[in-house]
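In what follows, a structure is listed as structure tokens, so that the remarks can point back to it.
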Amino acid sequence: MEIQVMFNHLLDANEGSVDMEIAVRKGEFFVHATPTDNGFSISLFEHEGLNLPCFFATESEALAEQDDISKLYHQQIAVGDRLETDVWDGVVLKAKRHREGDLIALYQGETLIGKKTWKSLSGL
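Throughout, this note's numbering is defined as the position within the sequence shown, counted from one, plus 32.
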């Protein structure tokens, strides 16, 4: 799926979100990224049978979701569903559509971390 088609599906999945419309137009998002041996991996979600990257329109949305994930981990540890050593080591990064086709550039602050296709970043 080319990047513009994926963006159209993101708009559909976030119907009515002005923030997402702005993010798609600018090609700038925020993601939860988990460190891997090859850089970072970003989350996916399913919408109408399609796997899409979990792009957040604003940093505050991504940070709020990160806080929810952390709370869930702590709750699961408290009831014995997770080990105390289990931690979610994801970070919130900026993801920008790179000017070279279907690439997404990941940034930590203003520092470019790398560029890959969204599928490669998502493990597809």
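The C-beta atom is built at its ideal place from N, Cα and C for all residues, glycine as well.
Across which residues does DSSP place residue i in a beta bridge pair?
i    : result
T149 : L135
N83  : E78
R57  : Beta-bridge pairing links R57 to no other residue.
S5   : Only positions 33 to 156 of the chain appear in this structure, which leaves residue 5 out of reach.
L144 : Y139
K128 : E60, A137
F88  : F62
V123 : A65
With a Cβ-Cβ cutoff of 8 Å, do residue i and residue j count as a contact?
i    : j    : result
H41  : L84  : yes
Y105 : D121 : no
H79  : A55  : no
L43  : E34  : no
V63  : A94  : yes
K147 : E60  : no
State the CB to CB distance for the pair residue i and residue j, rounded to an integer number of angstroms; the pair is presumed to be in contact (CB under 8 Å).
i   : j    : result
F72 : L153 : 7 Å
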